[in-house]
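Q: In the numbering used here, the protein residues as written are 783 to 994.
For glycine and all other residues, C-beta sits at the position ideal for the given N, C-alpha and C.
Note that this is a predicted model, so its numbers are computed, not measured.
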């Protein structure tokens, strides 16, 4: 909810700017598709991991390559809004030996993990067809990571449903040519399912996308 309020606070004045400049700026849509590589997450290794974290590899799950398709709407000569949909086939749960334990998840499980990215961007003109740009927004990460956990009791057994979803802020800076975008940045948040308490969790990223 806090992240949504921040975006509303950012988007509303930009929308007003767009209205004031509607006579000078022709609104346009731009579609991008590309890849983004996430580097090993940065966090305090002394933090208390949650019980659900024992079922996965935090570093492995949150790093690696993702495919991202995005749609951007230009509001002024410099401001634009964007939405990106990310996909990656990645680890959900790590392999664990089967046995008569209380928490039994069996073999490793991989899934198509989905992401949603909402952002606002600003371009700085440096050459005739090239710009520097800054994007800031929120990202909904690790969607479709639901998994069931078998719980064995003295009088029977049951299952519980867990997941590794979380929301994060995303900041990216980059260089844009006529046909492509090159960028780097950071995902950062204090709320994830991996820890019992709030702690900084950051994921550096670099990306390349093509304008279609």
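Does DSSP classify residue 908 as helix, strand or coil?
A: Three-state result, residue 908: coil.
Q: Can you find the residues in the same chain that come closer than 6 Å, C-beta to C-beta, to residue 818, ignoring five residues on each side of it along the sequence?
A: If we look at residue 818 and ignore the five residues flanking it on each side, its Cβ neighbours are 848, 850, 987 and 989.
Q: Specify the secondary structure class of residue 971 as computed by DSSP and reduced to three states.
A: Looking at residue 971 - three-state DSSP - the assignment turns out to be strand.
Q: Compare the beta carbon distance of residue 977 and residue 876 with 9 Å and say whether it is the shorter of the two.
A: No.
Q: Do you know offhand how far residue 927's Cα is from residue 811's?
A: So the alpha carbons of these two residues sit roughly 32 Å apart.
Q: Kindly list the residues whose CB is nearer than 6 Å to the CB of residue 804, restricted to its own chain and excluding five residues on each side of it in sequence; keep chain order.
A: Confidence in residue 804 is poor, its pLDDT being 46 and thus under 50, which makes the residue's placement unreliable; the coordinate value appears in the next sentence. If we look at residue 804 and ignore the five residues flanking it on each side, it has no Cβ neighbours.
Q: How is residue 930 classed by DSSP in three states: helix, strand or coil?
A: The answer is strand: DSSP assigns residue 930 an E or B state.
Q: Residues in the same chain with beta-carbon distance under 6 Å from residue 991, minus the five sequence neighbours each way, listed in chain order, please.
A: The answer, listed in chain order, is 814, 816 and 963.
Q: The alpha helix (DSSP H) with residue 841 in it runs from where to where?
A: Element bounds for residue 841: 840-843.
Q: When DSSP builds the beta bridges, which residues end up paired with residue 857?
A: Answer by DSSP bridge pairing: none, since residue 857 is not bridged.
Q: What's the gap between the Cα of residue 808 and the Cα of residue 919?
A: Bear in mind that a pLDDT of 47 at residue 808, under 50, signals an unreliable position, so the number given afterwards is only what the model happens to contain. Rounded to whole angstroms, residue 808 to residue 919 spans 24 Å at the Cα level.
Q: Can you tell me which of 874, 954, 824 and 939 puts its alpha carbon nearest to the alpha carbon of residue 835?
A: Of the listed residues, the one whose Cα sits closest to residue 835 is 874.
Q: Indicate the three-state DSSP secondary structure (helix, strand or coil) for residue 946 in the structure shown.
A: Three-state result, residue 946: coil.
Q: So, residue 917 versus residue 969, is the Cβ gap smaller than 9 Å?
A: Not closer than 9 Å, so no.
Q: Could you name the residues of the same chain whose beta carbon sits closer than 7 Å to that of residue 862, not counting the 5 residues immediately before and after it, in chain order?
A: So the qualifying residues of the chain are 854, 855, 856 and 903.
Q: Grouping DSSP H, G and I as helix and E and B as strand, with all else coil, what is residue 837?
A: Residue 837: helix per DSSP, three-state reduction.
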